[in-house]
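Chemist: Sequential numbering from 1 applies to the sequence shown in the numbering used here. Using N, Cα and C, we set each Cβ at its ideal position, and we do this for glycine too. Everything numeric in this text was worked out from a predicted model, so none of it was measured.
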Amino acid sequence: MLFIQWYETRYRHGYSTGRLTRNLVRSPGPGRHGDGNGLYLIVDPSGARRWIVRVTLKVQRNRMGKPLRTDFGLGGADVVTLNVARDRALECRRLARQGVDPKFNQDVLVPGFEEVARTVHVERLPTWKNPKHAQQ
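(1) Among the candidates 71, 122 and 50, whose CA atom is the shortest distance from the CA of residue 26?
(2) My assumption, with CB atoms under 8 Å, is that residue 85 sits in contact with residue 56. Please give the rounded CB distance.
(3) What's the gap between the Cα of residue 122 and the Cα of residue 22?
(4) Can you tell me where the alpha helix (DSSP H) holding residue 119 begins and where it ends?
(5) With a 10 Å radius around its C-beta and 16 neighbouring C-beta atoms as the bar for buried, classify residue 13 as buried or exposed.
(6) Can you list, in chain order, the residues of its chain whose CB lies under 6 Å from that of residue 32, leaving out five sequence neighbours each side?
(7) Alpha carbon to alpha carbon, what distance is there between residue 126 and residue 119?
(8) With DSSP as the reference, label residue 21 as helix, strand or coil.
(9) Measuring alpha carbon to alpha carbon, tell me which residue in 78, 83, 63 and 52 is nearest residue 72.
(10) Can you tell me which of the three DSSP states residue 101 falls into?
(11) On a Cα-Cα basis, can you pick out the residue from 63, 133, 112 and 82 that is closest to residue 20?
Okay, structure coming up:
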């Protein structure tokens, strides 16, 4: 009976599974906390928390000729939840397994300078006192 209580307590709190829980993500101590499958929560001494995933890229080699292990940042723990971090880590591992570098396979559209300048100009237009400033 005592063993069953111990076993249930460990699994209920997520200790024995090696996976993080929502409560453990909120208040961990400084260090690297593993969730499994290469997903880590990094906690700085200042209390800042961020997610990283460590994957092995078989298309790249280190100095010794072995496959390169690389860490990819997934975002801060305040913005990225545990489930979203797990989904992003799974996607990074899938890309690495296919031989694609996850760093270069992000579908992020970065606006050009002209587009950003026009957007800022339109946003700031009402704040200018002199109409001549808008024409410049």
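Modeler: The answer reads as follows:
(1) Against the sequence shown, residue 26 aligns to sequence position 26. Taking only the C-alpha atoms, the option nearest residue 26 is 50.
(2) On the sequence shown, residue 85 is found 85 positions in, with the first residue counted as 1. On the sequence shown, residue 56 is found 56 positions in, with the first residue counted as 1. With 8 Å as the limit, residue 85 and residue 56 do not qualify as a contact, their Cβ atoms being about 19 Å apart.
(3) What you label residue 122 is simply residue 122 of the sequence shown in a count that begins at 1. What you label residue 22 is simply residue 22 of the sequence shown in a count that begins at 1. Rounded to whole angstroms, residue 122 to residue 22 spans 42 Å at the Cα level.
(4) As a position in the sequence shown, residue 119 is number 119, starting the count at 1. Residues 113 to 124.
(5) The residue labelled residue 13 in the question sits at position 13 within the sequence shown. Because the pLDDT at residue 13 is just 49, under 50, the model does not fix this residue reliably, and the value given afterwards should be weighed accordingly. So residue 13 counts as exposed.
(6) The residue given as residue 32 occupies position 32 in the sequence shown. If we look at residue 32 and ignore the five residues flanking it on each side, its Cβ neighbours are 40 and 42.
(7) Indexing the sequence shown from 1 puts residue 119 at position 119. Indexing the sequence shown from 1 puts residue 126 at position 126. Each residue's alpha carbon lies about 13 Å from the other.
(8) Within the sequence shown, the letter at position 21 stands for residue 21. It is coil, neither helix nor strand.
(9) For this step, residue 72 is matched to residue 72 along the sequence shown. Of the listed residues, the one whose Cα sits closest to residue 72 is 52.
(10) Numbered from 1 along the sequence shown, position 101 holds the residue referred to as residue 101. Looking at residue 101 - three-state DSSP - the assignment turns out to be coil, as it is neither helix nor strand.
(11) On the sequence shown, position 20 is the one that residue 20 refers to. Ranking 63, 133, 112 and 82 by CA distance to the CA of residue 20 puts 82 first.
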